[in-house]
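What follows is one structure encoded as structure tokens, with my remarks underneath.
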Amino acid sequence: MSFALYRPRTFEEAFDLLDREAERPVLPLAGGTDLLLAMEFGRQNPSGLLSLSRLPLDTLEVLPDEIVVGATLPLRTLERRPEVEARLPGLLEAVREVGSVQLRHRATMGGNLVRAAPASDLLPPLLSLSARVVLRSREGRRELPVEQFLRASWTTELRRGEILEAVRIPAPRAGAYRWQRVRPANAISQVGVAVALHPSSSGSPWRVAAGGTEPTASRLVRTEAELPAVDPSEAEIEAACARAAEEASFRADLRAGEDYRRHLLKVLLRRTVEATRERSRRLPLERP
Ligand SMILES: Cc1cc2nc3c(=O)[nH]c(=O)nc-3n(C[C@H](O)[C@H](O)[C@H](O)COP(=O)(O)OP(=O)(O)OC[C@H]3O[C@@H](n4cnc5c(N)ncnc54)[C@H](O)[C@@H]3O)c2cc1C
127 MSFALYRPRT FEEAFDLLDR EAERPVLPLA GGTDLLLAME FGRQNPSGLL
177 SLSRLPLDTL EVLPDEIVVG ATLPLRTLER RPEVEARLPG LLEAVREVGS
227 VQLRHRATMG GNLVRAAPAS DLLPPLLSLS ARVVLRSREG RRELPVEQFL
277 RASWTTELRR GEILEAVRIP APRAGAYRWQ RVRPANAISQ VGVAVALHPS
327 SSGSPWRVAA GGTEPTASRL VRTEAELPAV DPSEAEIEAA CARAAEEASF
377 RADLRAGEDY RRHLLKVLLR RTVEATRERS RRLPLERP
């Protein structure tokens, strides 16, 4: 396999390379933990790799209402920032589950989102947090909720010539992520569930999302409706778990059968709601 490696220093240069009309595309390269394997196994065959390493995309901006994660910030750097621990505990729980420490020194949130694996550990928390992606091209920037960005497994709304620049993540009151996999590290989650508490939103203050579902990681809106209050009752949690098992679609694969995944979803949803409720109770009341 032969390909060129480009390392542009400016976005203009990068867009020139991405816009090239060729039979085989030029693909952005972030950490390479997915793309290089995909090339080795013949699932991708680009004419060139456009390294993002010299572009100013490895940033982290902490604003009053949100945290903006640059697309190429290594996950390992992200998980060590105290602001992430304090304000995005559910996301942090998920980031720490990606692969291994070695892998996270290279892997990025941008790569995880564009890859759009159905069992990604980052998609459920980002969905529950109502995160938005910022996509940049020669024409300018556009922003999409993660929910719209994900079209299906392995497919997103990213257009040719676009680079995912950053992810805007509103800080919730509290949140949590729980998952199940066959071994603790370097394994793919069978099911992952994230919830976040946004008391100021209209309707249910809860956002619920699951990974390992079909056709891709998804938000469970009907499940959220079973959780009408910040402090749900036992009966409401039970109803939400039953609704989630009905609302989510699963299929069997080599990691788990459909019924087992449905069972996991119920168990993990209960655990995320209880953990989030506990976190919320420990915070001062005035925090949004
Ligand atoms: C051993 C192993 C264990 C793993 N474990 C987990 C796990 O537990 N949980 C999990 O969720 N994932 C896991 N993964 C999958 C993968 O490592 C992650 O999804 C990672 O976050 C991908 O990021 P990356 O920067 O390496 O992406 P890359 O491999 O660089 O890129 C992936 C895709 O995204 C595109 N891309 C990357 N960045 C951009 C950008 N800014 N703009 C436009 N396109 C872009 C690339 O062209 C490519 O198509 C694992 C992988 C391996 C090899």
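When you number the sequence shown by our numbering, it's gap-free, plus one each residue, and the end is 414.
Idealized CB from N, CA, C, for every residue including glycine.
In angstroms, rounded to a whole number, what distance separates the CA positions of residue i and residue j?
i: Pro331; j: Leu131; result: 47 Å
i: Met165; j: His389; result: 36 Å
i: Glu273; j: Ser256; result: 8 Å
i: Asn312; j: Gly158; result: 16 Å
i: Glu209; j: Val260; result: 21 Å
i: Arg91; j: Tyr386; result: The first residue shown for the chain is 127 and the last is 414, placing residue 91 beyond what the model contains.
i: Gly301; j: Glu269; result: 24 Å
Exposed or buried, residue i, counting other C-beta atoms within 10 Å across all chains shown (16 or more means buried)?
i: Ala238; result: Here the sequence assigns Asn to residue 238, which means Ala is not the residue at that position. It counts as buried.
i: Met235; result: buried
i: Val227; result: exposed
i: Leu398; result: Checking the sequence shown, residue 398 turns out to be Thr, not Leu. Per the 10 Å Cβ criterion, buried.
i: Thr349; result: buried
i: Thr136; result: exposed
i: Thr185; result: exposed
i: Leu189; result: exposed
So, at 7 Å on beta carbons, what are the nonlocal neighbours of residue i in its own chain, with the 5 sequence-adjacent residues on each side left out?
i: Ala351; result: Ser330
i: Leu346; result: Val334, Ala335, Ala336, Ala370, Glu373, Ala374
Between the Cα of residue i and those of the options, spot the shortest distance and give me the residue it belongs to.
i: Ala322; options: Leu204, Leu253, Ala233, Val152; result: Leu253
i: Ser375; options: Ala401, Thr402, Ser344; result: Ser344
i: Thr342; options: Pro250, Val152, Arg206; result: Pro250
i: Asp191; options: Thr339, His324, Ile363; result: His324
i: Trp280; options: Leu391, Glu139, Gln170, Met127; result: Gln170
i: Leu411; options: Ala361, Glu400, Ser326; result: Ser326
So, at 6 Å on beta carbons, what are the nonlocal neighbours of residue i in its own chain, with the 5 sequence-adjacent residues on each side left out?
i: Leu183; result: Gly196, Ala197, Thr198
i: Ser177; result: Arg133, Leu155
i: Leu143; result: Tyr132, Val152, Leu176
i: Leu229; result: Thr159
i: Ala378; result: Glu384
Ignore the nearest five residues each way along the sequence and tell me which others in residue i's own chain have a CB closer than 8 Å to its CB.
i: Thr282; result: Leu239, Val240, Ala242, Phe275, Leu276
i: Pro200; result: Gly157, Asp184, Arg230, His231, Arg232, Ala233, Thr234
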